[in-house]
Amino acid sequence: MPSKPNVNHSLNPFTARVLEIVRAIPRGKVLSYGQVALLAGAPRGARQVGRILYARGRTVPWQRVINRYGGLSTYKVGTGAEQRALLEKEGVTFTQDGVVNLKKHQWRPSAHTIEKLHLPEEIAFEINRKLPFS
DNA sequence: ATCTTGACTTGCC
DNA sequence: CGGCAAGCCAAGA
């Protein structure tokens, strides 16, 4: 009967986790691909996060996920201007170099959110290590 | 089964 | 700080 391994009527666990985490990022805050991957339990899965958002981004606040340097990686796929507009509309400011001020806008999940998302505490706090100038 | 690609990161000059 | 190479890993060809 189930000769096939039921490929994906439901979401891959990692994908589901990524979407859940991205949905938890508040308006006006951002996270990097690597940070989302870390919180989702795959410390080297940044590229996967990008691919997941490419496929399913319209179902989540995809604009709040940017690259490690505060830059927008979506110019590569043509939605860069849209992403910037969405972010600015929710209060995110860009420097003259066109990057997000991470010091100001990087999301740090509250203790409540950490518990609600079942994030391992040490991992939840490790996202701060990936800040420029830290 | 390979090989290439890429909404990424890190490390080394 | 900037450029570049090397890792990374799943999808698509």
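This note's numbering puts the first residue of the first sequence at 77, with every later residue one more than the last.
Every residue, glycine too, gets a C-beta built ideally from N, C-alpha and C.
With a cutoff of 8 Å on beta-carbon distance, T91 and I128 are scored as near each other.
A contact is defined here as three or more CB-CB pairs under 8 Å, and the segment 179-193 meets this definition with respect to the segment 99-111. Distance from the Cα of L162 is smallest, within the candidate group D173, T150, Q172, for T150.
Take the alpha-carbon of I203 and the one of E158: they are about 26 Å apart. Under DSSP, S108 takes part in a beta bridge, and its partners are I142.
The beta carbons of V112 and V94 sit about 6 Å from each other, so the pair counts as a contact at 8 Å.
The beta-bridge partner set that DSSP reports for V176 consists of F170. Going by C-alpha positions, H188 is about 22 Å away from K179. A straight-line Cα-Cα distance of about 23 Å links L148 and A200. Between K105 and R140, the C-beta spacing is below 8 Å. When the alpha-carbon of D173 is set against those of G146, L195, L107, I97, the nearest one is in G146. Spanning the alpha carbons of G154 and R132 requires a straight line of approximately 16 Å. Across the structure, K165 and I190 are spaced so that their CA atoms are roughly 27 Å apart.
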